[in-house]
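Beneath this line is the structure, given in structure tokens, with notes to follow.
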Amino acid sequence: MMRFERWLWRAGVAGAVALSVAAPAWAGYRALDREWEGYEPGEFYRAQLASTPPERPQTAGDGAFEAQKARLEEARRRWAEALEAGLPGERFYEPAPEVLERVRAAADDPGKAQALLADGFDLETLEALAWVRNPGIRAAED
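Residue 27 is where the sequence shown starts when you use my numbering, and the numbers rise one by one after that.
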């Protein structure tokens with residue numbers, strides 16, 4: 027009988043300790059749940075959500091900016107059209123035949139190229155000379 031009483035007393039003490047430790051864990055749950063479900067944000071928060079940024083007044087520069095933006099969009103559109111409309115047989119660079127004949131002799135001779143440029147030259151002559159003398163440019167053309 028003594029053992030049973032000791033066991034009963036220990037079980038009672040353990041139950042009391044468990045109850046005293048566990049009770050605070052669930053004691054305020056119902057109130058917390060009600061508070062959580064009924065929460066409304068404060069007035070400051072609602073005011074921040076409801077407000078919209080102020081309208082920025084139009085300035086003189088805005089019109090110029092929009093006009094420039096429209097011109098750039100038009101240039102972009104024309105550039106895209108030009109790229110798409112490229113002809114498959116179109117050459118990279120093709121100098122005029124008379125200019126090509128004039129610089130052809132200077133294609134492999136540096137002395138003739140120097141003499142051709144010594145008396146003065148124009149852009150077309152310089153481009154043609156660079157084209158016939160530079161194998162990298164000719165390879166890119168082909």
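Yeah, the Cβ is synthetic: ideal placement off N, Cα and C, and Gly gets one too. Since the structure is predicted, the reported quantities are computational estimates derived from the model, not experimental observations.
Taking C-beta to C-beta, are residue i and residue j nearer than 8 Å?
i: leucine 142; j: valine 129; result: yes
i: glutamate 150; j: alanine 122; result: yes
i: alanine 133; j: arginine 159; result: yes
For residue i and residue j, I'd like the C-alpha separation in whole angstroms.
i: proline 59; j: alanine 53; result: First, the residue type needs correcting, since residue 59 is aspartate and not proline in the sequence shown. Approximately 12 Å between the Cα atoms of the pair.
i: glycine 41; j: glutamate 31; result: 15 Å
i: glutamate 69; j: aspartate 88; result: 37 Å
i: proline 80; j: leucine 98; result: 29 Å
i: glycine 146; j: glycine 137; result: 15 Å
i: tryptophan 62; j: leucine 34; result: 42 Å
i: glutamate 100; j: glycine 162; result: 34 Å
Compare the Cα-Cα distances from residue i to each of the options and report the closest residue.
i: glutamate 127; options: Leu155, Phe147, Asp145; result: Leu155
Give every residue of the same chain whose Cβ lies closer than 6 Å to the Cβ of residue i, excluding the five residues on either side of it in the sequence, and list them in chain order.
i: leucine 152; result: none
i: leucine 75; result: none
Can you give me the Cβ contacts of residue i inside the same chain, cut-off strictly under 7 Å, excluding the 5 residues immediately before and after it?
i: alanine 139; result: Ala132, Leu155, Arg159
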